[in-house]
Amino acid sequence: MERVQFDVAVKAILTSDRRYETDGYHFLRDALDHTIKALRKDELIEHRHVTGHELLEGLVALAVERFGPMAVAVLDSWGIREGDDVGTMVFNLIGAGAFGKSDEDSPSDFCGVMNLREELLAPYRPTREVLAKRGASPSELEPPARGNQPAKSSDL
């Protein structure tokens, strides 16, 4: 199959599938480039196939680098909430001719590989035991919702 220009492929995809935003597709392409560069540096090889897990790891690393603690909110605004979404987007791009694939590739390569939200929030979780409750689950470590109220002096 002949490769199609990326922007043309995204426009074609969006005519039939509006689950993901244009910016999300562009970020996915940037994440693939970021992942390939990291693999080349680590493995000193010119080119090789990127697995679903590697792409998800690269996407998380780039999102944390670019958006910091807002990464979850930014990706969510583009419709990217879990690894399955990334797999769907990748296979939309493959179907549109913008990405290639090997015979072994499947959308299931992205299913249940990682909890995207937890991976994006992990760098911002408390690491000192003093700050975290013993035995608390990650959801219990979420800061309390304050709305527009300032912090109370007793909370500082």
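Under the numbering used here, read the sequence shown as residues 5 to 160, first letter to last.
Note that CB positions come from ideal geometry on N, CA and C, so glycine has one too.
Remember, it's a predicted structure, so these values are computed and weren't measured experimentally.
Measuring alpha carbon to alpha carbon, tell me which of the options ends up nearest residue i.
i, options, result
"residue 22", "13, 36, 83 and 108", "83"
"residue 128", "56, 116, 74 and 108", "74"
"residue 85", "116, 97, 109 and 103", "116"
Please classify residue i as buried or exposed, where buried requires at least 16 other C-beta atoms within 10 Å of its C-beta.
i, result
"residue 69", "exposed"
"residue 35", "buried"
"residue 104", "exposed"
In angstroms, rounded to a whole number, what distance separates the CA positions of residue i and residue j?
i, j, result
"residue 99", "residue 125", "32 Å"
"residue 11", "residue 25", "12 Å"
"residue 66", "residue 38", "7 Å"
"residue 32", "residue 90", "8 Å"
"residue 41", "residue 54", "11 Å"
"residue 43", "residue 59", "10 Å"
"residue 111", "residue 130", "34 Å"
"residue 56", "residue 114", "5 Å"
"residue 5", "residue 122", "Residue confidence is low: residue 5 scores 49 on pLDDT, short of 50, so the model does not pin down where it sits. Its coordinate-derived value is still stated next. Using only the alpha carbons, I get a separation of about 37 Å."
"residue 87", "residue 101", "21 Å"
"residue 19", "residue 72", "31 Å"
"residue 45", "residue 95", "26 Å"
"residue 8", "residue 81", "26 Å"
"residue 62", "residue 107", "22 Å"
For my contact list, residue i and residue j are in at a C-beta cut-off of 8 Å; report their separation, rounded to the angstrom.
i, j, result
"residue 29", "residue 93", "6 Å"
So with Cβ pairs under 9 Å, would you call residue i a contact of chain D?
i, result
"residue 96", "Among the chains in the structure shown there is no chain D, since it carries only a single protein chain."
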